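Sequential numbering from 1 applies to the sequence shown in full-length UniProt numbering. Virtual Cβ for every residue (Gly too), placed ideally from N, Cα, C. The structure presented is a predicted model; accordingly, all values stated were derived computationally and were not measured. The structure appears below as structure tokens.
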Amino acid sequence: MYLINSTYNPLTMQKTPLRVPGSLMAIMLLIAGGIMAQPHFINPLPIPPLLEASEGTIELEMRETFHRFNPGMPADSLNGNANQPNGITTFSYNQKGSNAMSVLGPTLRWRTGDSIHIRVTNLLPQPTTTHWHGAEVPPEFDGGPHQAIPRNTTWDIKFENLDYASTLWYHPHYHNRTVQQVQMGLSGMILVENPEDPIRNVMPHTYGVDDIPVIIGDMGLKREPAAEGFTYRLDTLKGKRPFNLVNGVNSPYIEVPNALVRFRVLNGSTRKGIVFGFSPSYNGTDLMDFQLIGTDGGYVLEPNTQRALMNGPGSRDQVVVDLSGFEPGDTVYLRNLKERLPHYVVGSPQQAPPPGSGGRDSTFGNAFLQLRIVDAASFPDYTPITSFTPFITDWEPGLRDTTDIARYRYKRLVFIPGVNGGENMFNIDSTTYDMMMLNDTVCVDTKEIWTIDNTTHVAHPFHIHKIQFRILEIDSLGTKIDLVERGLNGPKDDVLVLPNWKLRFMGSFDDYPRPPIPQNGYMYHCHILTHEDSIGGGMMHQFAVADAEACLPVGVDEVILSPEEITLYPNPASGELYLRTQSTDPGTLRITDMQGRTLRTQVIPAVSGDVRVPVDGLPPGIFLAVWQTQKGIATRKILLY
Numbered sequence: 001m002y003l004i005n006s007t008y009n010p011l012t013m014q015k016t017p018l019r020v021p022g023s024l025m026a027i028m029l030l031i032a033g034g035i036m037a038q039p040h041f042i043n044p045l046p047i048p049p050l051l052e053a054s055e056g057t058i059e060l061e062m063r064e065t066f067h068r069f070n071p072g073m074p075a076d077s078l079n080g081n082a083n084q085p086n087g088i089t090t091f092s093y094n095q096k097g098s099n100a101m102s103v104l105g106p107t108l109r110w111r112t113g114d115s116i117h118i119r120v121t122n123l124l125p126q127p128t129t130t131h132w133h134g135a136e137v138p139p140e141f142d143g144g145p146h147q148a149i150p151r152n153t154t155w156d157i158k159f160e161n162l163d164y165a166s167t168l169w170y171h172p173h174y175h176n177r178t179v180q181q182v183q184m185g186l187s188g189m190i191l192v193e194n195p196e197d198p199i200r201n202v203m204p205h206t207y208g209v210d211d212i213p214v215i216i217g218d219m220g221l222k223r224e225p226a227a228e229g230f231t232y233r234l235d236t237l238k239g240k241r242p243f244n245l246v247n248g249v250n251s252p253y254i255e256v257p258n259a260l261v262r263f264r265v266l267n268g269s270t271r272k273g274i275v276f277g278f279s280p281s282y283n284g285t286d287l288m289d290f291q292l293i294g295t296d297g298g299y300v301l302e303p304n305t306q307r308a309l310m311n312g313p314g315s316r317d318q319v320v321v322d323l324s325g326f327e328p329g330d331t332v333y334l335r336n337l338k339e340r341l342p343h344y345v346v347g348s349p350q351q352a353p354p355p356g357s358g359g360r361d362s363t364f365g366n367a368f369l370q371l372r373i374v375d376a377a378s379f380p381d382y383t384p385i386t387s388f389t390p391f392i393t394d395w396e397p398g399l400r401d402t403t404d405i406a407r408y409r410y411k412r413l414v415f416i417p418g419v420n421g422g423e424n425m426f427n428i429d430s431t432t433y434d435m436m437m438l439n440d441t442v443c444v445d446t447k448e449i450w451t452i453d454n455t456t457h458v459a460h461p462f463h464i465h466k467i468q469f470r471i472l473e474i475d476s477l478g479t480k481i482d483l484v485e486r487g488l489n490g491p492k493d494d495v496l497v498l499p500n501w502k503l504r505f506m507g508s509f510d511d512y513p514r515p516p517i518p519q520n521g522y523m524y525h526c527h528i529l530t531h532e533d534s535i536g537g538g539m540m541h542q543f544a545v546a547d548a549e550a551c552l553p554v555g556v557d558e559v560i561l562s563p564e565e566i567t568l569y570p571n572p573a574s575g576e577l578y579l580r581t582q583s584t585d586p587g588t589l590r591i592t593d594m595q596g597r598t599l600r601t602q603v604i605p606a607v608s609g610d611v612r613v614p615v616d617g618l619p620p621g622i623f624l625a626v627w628q629t630q631k632g633i634a635t636r637k638i639l640l641y
């Protein structure tokens with residue numbers, strides 16, 4: 001949700017968008033031996049049904065279904081082939097007793113302060129979970145990896161909705177299957193409304209008319225042998241996914257009134273960032289102004305005018321575009337400005353030069369969605385909003401005061417190159433995810449400031465469960481980033497952290513203290529799901545919120561120690577290794593492999609000199625030594641032979 005990066009602004013970028021004649025755009029690329037898609041906007045945009053939590057228990061069923069991604073072109077491979085008369089196999093959520101959804105799920109509406117009762121039944125051929133992304137819920141109802149829903153069972157949960165007016169979403173979070181299950185179609189939007197919200201009625205708020213859910217995803221297909229020939233299936237691994245989807249279909253259109261229209265843009269891709277804007281032309285440079293009114297967890301402090309926004313996987317933007325000056329029959333496009341994605345964002349068409357970077361993986365087409373303007377009077381029981389009303393809000397109470405910080409934490413996003421032909425991977429603080437280990441314990445009713453330091457060559461969408469946070473500052477190699485310009489002046493739970501950024505945020509960890517055990521953990525992770533869910537655990541850790549007596553000591557500023565504060569020698573080493581430090585504090589030294597798995601742990605008292613580190617018994621290879629004290633953390637590579 002921000003303008004491109006610290007070095008240039010998409011509104012003034014000189015690069016000219018690719019222009020393709022309409023006759024060529026009508027055919028797009030032929031790939032994978034016959035998979036074709038066309039850019040004609042021939043599919044009505046599906047609007048998921050709205051389920052009201054205030055009307056009683058929400059009953060959801062997760063099912064295997066069949067879906068046509070381009071129903072307006074029956075012969076298109078995006079619908080399968082002759083061996084697949086019902087379409088391509090997908091997963092979906094449905095209200096119990098309904099078959100309305102063959103991909104994604106219904107939109108849920110919660111109201112602030114309401115008691116929410118949801119029953120989720122798993123009718124899939126595999127275990128799963130359902131996570132309420134962005135919601136503040138007890139850890140046992142968060143739907144993370146610990147809250148598995150086995151096959152043919154029902155997860156029955158009740159909680160009070162503590163969230164304010166916002167756009168949240170829900171999706172699976174089953175460890176090592178999250179990528180596949182989301183890519184198969186399991187996700188849906190949550191609208192949170194606050195009965196005391198003074199802004200609601202001056203903004204577009206008629207669901208499906210001038211308040212439009214826009215779930216942007218992507219898909220690719222692979223052939224699978226069949227009794228006669230082959231069938232198509234969704235690519236759920238690491239292949240390219242060149243086809244855009246909005247609400248589960250390719251090349252959609254929607255009729256909208258000539259008035260103000262709100263779009264709730266959710267990047268539901270498993271991997272890719274996007275840049276979006278609005279234009280009356282499909283591939284021109286005539287971008288329109290729009291108002292950013294909300295980020296992940298609610299309203300921005302003050303609306304700001306944008307023409308292009310970057311949006312990372314998992315994040316949401318609420319934007320309002322003024323269509324009152326258009327005539328019925330006019331068209332406007334929600335543009336896919338992929339050419340403005342820098343090379344270090346997954347989804348860019350540019351080739352990423354460094355190892356471990358974003359890579360070339362763009363989608364077809366210059367627009368996600370076509371807007372067909374119609375007379376506002378043609379919508380029954382609808383009162384259009386014809387002028388924009390500015391507003392000023394404040395942070396929610398827990399985020400207003402930046403004093404009385406209980407603890408500072410420092411999290412490094414790290415690239416680990418593959419060894420001996422092994423797979424490259426990313427992790428946090430050189431440590432991968434372990435379901436049975438808590439990485440952090442936070443005291444309930446305290447505020448903390450976290451620094452996210454992206455030391456890799458690729459942008460990572462950092463997401464934390466349970467809280468909405470306030471971004472305090474972003475440092476990019478000494479340059480401070482303008483948060484308002486980049487659309488970051490609102491509550492966030494998912495933020496795209498660019499390479500060389502050090503992003504500081506404040507979070508208030510209120511409510512739901514539990515014993516600090518892994519089963520009560522909330523996750524924080526990269527929302528590129530192939531990074532979160534990669535072999536060995538990937539970029540995911542977990543924290544618990546505990547009562548004061550169960551908390552670890554607070555007030556520790558976890559900074560990266562300077563190089564002169566720790567030396568490991570000899571390096572390379574064989575049999576014996578020594579730690580030299582002038583630390584006056586005790587510390588812990590962990591030896592890990594390059595996937596972050598801990599092999600040795602040594603507690604070292606306060607020293608001034610050299611301490612022997614036993615490495616006998618470890619095989620030859622490259623390892624990481626992680627030294628942590630009350631003052632900070634340092635990581636060094638060591639070579640054993």
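Closer than 6 Å: residue i CB and nearest the ligand MN heavy atom
i: Asn122; result: The model depicted lacks the ligand MN and carries no ligand whatsoever.
Residue i, buried or exposed, once every other Cβ within 10 Å from all chains shown has been counted against 16
i: Asn83; result: exposed
i: Gln582; result: exposed
i: Leu477; result: exposed
i: Gln61; result: Sequence check: residue 61 is Glu here, not Gln. Under this definition Glu61 is a buried residue.
i: Val179; result: buried
i: Arg262; result: buried
i: Pro158; result: For clarity, residue 158 is Lys in the given sequence; the question names Pro instead. Result: exposed.
i: Gly418; result: exposed
i: Arg109; result: buried
i: Asn267; result: buried
i: Phe498; result: Per the sequence presented here, residue 498 reads as Leu, with Phe not at that position. Classification for Leu498: buried.
i: Arg316; result: buried
i: Pro48; result: buried
i: Ile88; result: buried
Rounded straight-line distance, which links the Cα of residue j to that of residue i
i: Pro242; j: Asp218; result: 7 Å
i: Ala53; j: Asn176; result: 31 Å
i: Phe388; j: Ala259; result: 10 Å
i: residue 643; j: Asn336; result: No information on residue 643 is available, as it lies outside the stretch 1 to 641 that the chain covers here.
i: Glu339; j: Gln350; result: 8 Å
i: Ala548; j: Gln306; result: 44 Å
i: Val214; j: Met435; result: 33 Å
i: Trp155; j: Ile604; result: 45 Å
i: Ala634; j: Arg470; result: 27 Å
i: Pro145; j: Gly325; result: 49 Å
i: Ala573; j: Met437; result: 30 Å
i: Phe415; j: Glu576; result: 27 Å
i: Asn163; j: Leu123; result: A small fix is needed here, since residue 163 is Asp in this sequence, not Asn. Taking the straight line from one Cα to the other gives about 29 Å.
i: Phe141; j: Leu503; result: 29 Å
i: Arg600; j: His131; result: 34 Å
i: Lys222; j: Asp511; result: 46 Å
i: Gly291; j: Tyr282; result: Rather than Gly, the amino acid found at residue 291 in this sequence is Gln. Taking the straight line joining both Cα atoms gives about 21 Å.
Other residues of its chain near residue i: CB distance less than 8 Å, five sequence neighbours each side excluded
i: Glu448; result: Ile405, Ala406, Arg407, Tyr408, Arg409, Val442, Met506, Gly507 and Phe509
i: Pro71; result: Asn43, Asn79 and Val249
i: Leu323; result: Val256, Pro257, Asn258, Ala259, Leu260, Val261, Val332, Leu371 and Ile373
Cutoff 6 Å; reference residue i; Cβ partners in own chain excluding five residues on either side
i: Val103; result: His67, Thr90, Ser92, Gly185 and Gly248
i: Leu45; result: Asn247, Pro252 and Ile254
i: Gln468; result: Gly297, Pro491 and Asp493
i: Thr584; result: Ala606
i: Gly239; result: Gly220
i: Val209; result: Phe379 and Tyr382
i: Ala308; result: Pro10, Val275, Gly277 and Leu337
i: Thr588; result: Val603 and Gln628
According to DSSP, residues forming a beta bridge with residue i
i: Phe623; result: Ile638
i: Tyr333; result: Ser279 and Gln370
i: Met189; result: Trp169
i: Asn311; result: Ile274
i: His67; result: Ile88
i: Thr318; result: For the sequence presented, residue 318 should be read as Gln rather than Thr. Answer is Arg264 and Gly294.
i: Ala573; result: Leu640
3 or more residues per run - each beta strand (DSSP E) lying fully within the segment 373-416
With a minimum length of 3 residues, the continuous beta strand (DSSP E) runs that stay inside the segment 373-416 are 405-416.
- For the UniProt domain "Plastocyanin-like" (443-547), which segments carrying the alpha helix (DSSP H) assignment without a break, of at least 4 residues, lie completely within its bounds, in sequence order? Runs of the alpha helix (DSSP H) spanning 4 or more residues and lying entirely within the UniProt domain "Plastocyanin-like" (443-547) occur at 529-532, in chain order.
query: Counting only runs that start and end within the segment 74-143, where is the beta strand (DSSP E) found for 3 or more residues in a row?
result: Whole beta strand (DSSP E) segments, 3+ residues: 88-95, 107-111, 115-122 and 131-133.
Curious, which full-length alpha helix (DSSP H) runs of at least 4 residues does the segment 218-300 contain? Positions of the alpha helix (DSSP H) runs, each at least 4 residues long and wholly inside the segment 218-300, cannot be given because no such run exists.
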